[in-house]
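A quick write-up on the structure given underneath.
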Amino acid sequence: MRSVEFHPEARDEFISAAQFYESQTAGLGLDFIRTVQHTYERLLEFPATGPPFGRRLRRLLVPKFPYGLLYRVEPERIYIVAVMHLHRRPGYWRLRR
Numbered sequence: 153m154r155s156v157e158f159h160p161e162a163r164d165e166f167i168s169a170a171q172f173y174e175s176q177t178a179g180l181g182l183d184f185i186r187t188v189q190h191t192y193e194r195l196l197e198f199p200a201t202g203p204p205f206g207r208r209l210r211r212l213l214v215p216k217f218p219y220g221l222l223y224r225v226e227p228e229r230i231y232i233v234a235v236m237h238l239h240r241r242p243g244y245w246r247l248r249r
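Residue numbers (my numbering): 153 to 249.
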């Protein structure tokens, strides 16, 4: 069975976004965390659910939030390359492995 792993910078993005939402409204950060977790749990069941995004990646949108998970399907894992805000700095994650 596959596991989900985050690129270190993707994990930082995830934590930063959750902290930002929590600073705006109590409980919203936790809602963001749960929604992202639910989103990547779907990837474990249906790895190809996100449409292709470039040559090797796929993108799955996070419901209720302006974020997407950029990920790569590998034999042993789903590797999340970025937890990207959909309206900021396009392409910043391109050099990540």
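Quick reminder that beta carbons are idealized off the backbone N, C-alpha and C, glycines included.
Within this structure, are the beta carbons of F205 and R211 separated by less than 7 angstroms? Counting from 1 along the sequence shown, the entry for residue 205 is found at position 53. Counting from 1 along the sequence shown, the entry for residue 211 is found at position 59. Yes, they are a contact pair.
Spatial distance of F158 from L222 (CA atoms): Against the sequence shown, residue 158 aligns to sequence position 6. Against the sequence shown, residue 222 aligns to sequence position 70. The straight-line gap separating the alpha-carbon atoms of F158 and L222 is approximately 10 angstroms.
Measure the alpha-carbon distance for I230 versus V156 and round it to whole angstroms. Position 78 of the sequence shown, counting from 1, holds the residue named residue 230. Position 4 of the sequence shown, counting from 1, holds the residue named residue 156. Each residue's Cα considered, the two are about 5 angstroms apart.
With distance defined between alpha-carbon atoms, name the residue in Y173, F198, T177 and Q176 nearest to M153. Numbered from 1 along the sequence shown, position 1 holds the residue referred to as residue 153. With distances taken between Cα atoms, M153 lies closest to F198.
Unbroken stretches of the beta strand (DSSP E), 3 residues or longer, contained in the stretch 177 to 249: Along the stretch 177 to 249, the beta strand (DSSP E) occurs as fully enclosed runs of 3 or more residues at 209 to 214, 219 to 225 and 229 to 237, listed in sequence order.
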